[in-house]
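As given, the protein sequences belong to chains A and B, one line each in that order.
Quick note, the first sequence lines up with residues 144 to 418 if you use our numbering.
Quick note, the second sequence lines up with residues 144 to 418 if you use our numbering.
We put the CB at the ideal spot given by N, CA and C, even for glycine.
2 protein chains.
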Amino acid sequence: MDPLDAPTHRLWALRIEYDGRPFIGWQRQSPRGERRDAAGGDGGKPSVQEVLEAAAACLDGGVPPASTVAGRTDSGVHATGQVVHLALPAQFSAHAVREALNFHLKPHPVVVLDAALAPDGFNARFSATGRRYRYTILNRRPRPALEEGRVWHVRHPLDADAMAQAASLLLGRHDFSTFRAASCQASSPVRTLDRLAVTRTGEHLTIEAAARSFLHHQVRNMVGSLSFVGLGRWSVAEFARAFAAADRRAGGPTAPPDGLVLTGVAYDPDPFAGR
Amino acid sequence: MDPLDAPTHRLWALRIEYDGRPFIGWQRQSPRGERRDAAGGDGGKPSVQEVLEAAAACLDGGVPPASTVAGRTDSGVHATGQVVHLALPAQFSAHAVREALNFHLKPHPVVVLDAALAPDGFNARFSATGRRYRYTILNRRPRPALEEGRVWHVRHPLDADAMAQAASLLLGRHDFSTFRAASCQASSPVRTLDRLAVTRTGEHLTIEAAARSFLHHQVRNMVGSLSFVGLGRWSVAEFARAFAAADRRAGGPTAPPDGLVLTGVAYDPDPFAGR
């Protein structure tokens with residue numbers, strides 16, 4: 144029985160934060176209800192989804208609800224503003240949902256920042272009107288000691304101004320096939336990029352990206368190709384040609400997941416407004 | 144033989160960064176030359192000093208040099224701008240010193256950011272004219288998922304303006320006994336505090352402290368007492384009375400090490416100037 148049909152359940156929108164390092168990514172790997180053991184096929188790493196659904200099961204007599212997420216982050220990718228929806232027994236208040244889930248999520252590095260009753264027809268994935276990501280590069284010779292796993296370490300000096308100039312060419316509606324993973328399941332490679340800003344603060348380069356939606360690996364592939372411009376391996380014109388080729392083989396490398404954070408998802412109406 | 148007497152050695156100043164979590168603190172716990180095994184009396188955690196001296200020993204035929212540090216950080220306290228001096232064989236360039244030490248420091252979360260020949264008479268501890276620390280509080284109800292070990296998590300709302308007002312009372316030359324650890328070995332409790340700024344950015348409170356030198360636990364004890372003001376447990380007047388008492392028993396709690404970072408040490412002349 145779909146819990147949404149039962150008057151005993153209500154649909155919640157959750158805003159969550161997680162450290163992507165100990166997870167194989169957002170998505171549950173095994174069929175629902177099957178438990179992988181710690182020596183399973185994924186190197187023993189759980190998915191964020193499994194951990195969240197297991198915590199939610201503790202609120203519903205041991206039955207894990209199916210959850211739907213705004214951005215299916217890959218292994219090692221972090222989130223400070225991921226959004227998910229799922230159904231929970233109707234008796235819980237927003238405060239109780241957040242506190243109970245956070246209690247059961249321990250000791251995993253996943254927390255519910257906010258819980259709100261979902262507006263009519265809300266779907267964390269399909270109702271999203273915008274997604275924001277931040278990518279951080281540590282650009283210095285010595286490896287990171289304090290930020291290991293949170294940044295992409297690039298040893299050679301990057302020209303942030305040239306990268307910003309190249310990034311501006313990607314704004315607007317385009318075919319992003321050059322930055323699309325082979326595994327991408329989207330029906331079209333056309334996306335509209337609203338923001339792609341490259342800024343330097345000391346040893347850190349920050350790339351902020353915003354769009355209604357992204358292709359699989361799009362941010363990491365854009366950052367990888369921008370790094371070629373920053374290193375002087377590509378001129379801005381060569382970057383433009385690679386983009387115009389609309390062919391992944393023309394693009395640069397895929398930047399590692401470490402530096403990537405899903406910082407926010409926009410909805411209209413915003414279920415978390417005024418909270 | 145003191146390697147400083149040998150013309151085969153030169154004195155280096157190193158600027159280093161480390162994650163304090165896997166260490167018992169800066170200071171070597173065992174007598175030099177004695178190796179503690181992993182089941183030793185300190186829970187098996189090495190000190191940053193031991194790890195650095197072991198890496199330096201690889202550059203000098205296995206003999207670890209004695210190192211002197213600007214700020215003897217406690218267990219769990221981080222550094223982005225710690226400074227240390229030690230003697231190394233004369234043949235190495237600054238580039239080689241940094242690269243070779245960083246090679247041998249792997250996989251510990253300790254890196255040498257910069258190496259410079261020490262000016263005549265330089266002592267990392269006694270030549271320092273200023274030390275800067277940053278303390279970060281995550282002030283929200285849910286625990287940290289991404290910043291675990293890097294912040295002090297305070298669940299109840301803190302009034303940053305009241306904390307800033309209380310902090311300003313500590314500026315200048317005073318008896319800081321209220322914020323001095325019982326274990327402190329300094330001959331006098333009098334210090335001159337040059338800066339103690341409290342600022343809020345969203346969920347984060349940052350406390351920046353600068354002085355020629357600090358007493359043991361002084362920053363963490365100041366932050367702990369400021370948190371009482373932020374929580375409304377103390378008025379600014381009560382904070383002032385606790386400070387004036389010049390008695391540790393009048394002070395608030397010691398804030399945990401997690402949020403503390405030694406961000407920089409000043410020298411005149413600066414061995415790293417122009418680098």
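- Distances from the CA of B/R268 to each of B/L157, B/V194, B/A199, B/L374 were compared; the closest alpha carbon is that of B/L157.
- Interface criterion not met: the Cβ of A/Y278 is under 7 Å from no Cβ in chain B.
- Beta bridge pairing from DSSP links B/I350 with B/Y278, B/V341.
- Partner residues in the beta bridge of A/A156, as assigned by DSSP, are A/H228, A/A259.
- Taking all protein chains in view, the Cβ of A/T279 is crowded by 16 or more other Cβ atoms within 10 Å, so the residue is classified as buried.
- The stretch 390-400 of chain A and the stretch 251-270 of chain A do not touch, with fewer than three beta-carbon pairs separated by less than 8 Å.
- In the DSSP annotation of this structure, the continuous segment of the beta strand (DSSP E) that includes B/L403 starts and ends at 403-409.
- Its Cα nearest to that of A/A389, the residue A/P332 stands out among A/P332, A/L339, A/G205, A/D337.
- Along the stretch 296-328 of chain A, the beta strand (DSSP E) occurs as fully enclosed runs of 3 or more residues at 315-318, listed in sequence order.
- For B/P285, a Cβ of chain A is located within less than 7 Å of the residue's own Cβ.
- With a threshold of 7 Å between beta carbons, A/D162 makes contact with chain B.
- Taking 7 Å as the threshold, the shortest C-beta distance from B/H238 to chain A does not fall below it.
- In the DSSP assignment, B/H221 forms a beta bridge with B/V404.
- Against chain B, the CB of A/L229 has no partner CB under 7 Å away; the residue lies outside that interface.
- The secondary-structure analysis by DSSP pairs B/V254 across a beta bridge with B/E160.
- For the pair of segments examined, the stretch 361-376 of chain A was found not to touch the stretch 185-195 of chain A: the number of CB pairs separated by less than 8 Å stays below three.
- Straight through space, the alpha carbons of B/V372 and B/S378 are spaced by roughly 6 Å.
- Considering only beta carbons, the part of the stretch 202-228 of chain A lying closer than 7 Å to chain B consists of H221, T223, in chain order.
- Ranked by Cα distance from A/P207, the options A/Q192, A/R343, A/S320, A/G219 are led by A/Q192.
- Of all residues in the stretch 351-381 of chain B, none comes within less than 7 Å of chain A when Cβ atoms are compared.
- In the three-state reduction of the DSSP assignment, A/R334 falls in the strand class.
- Taking 7 Å as the CB threshold, A/L281 stays off the interface with chain B.
- The three-state reading of DSSP puts B/V372 in helix, counting H, G and I together.
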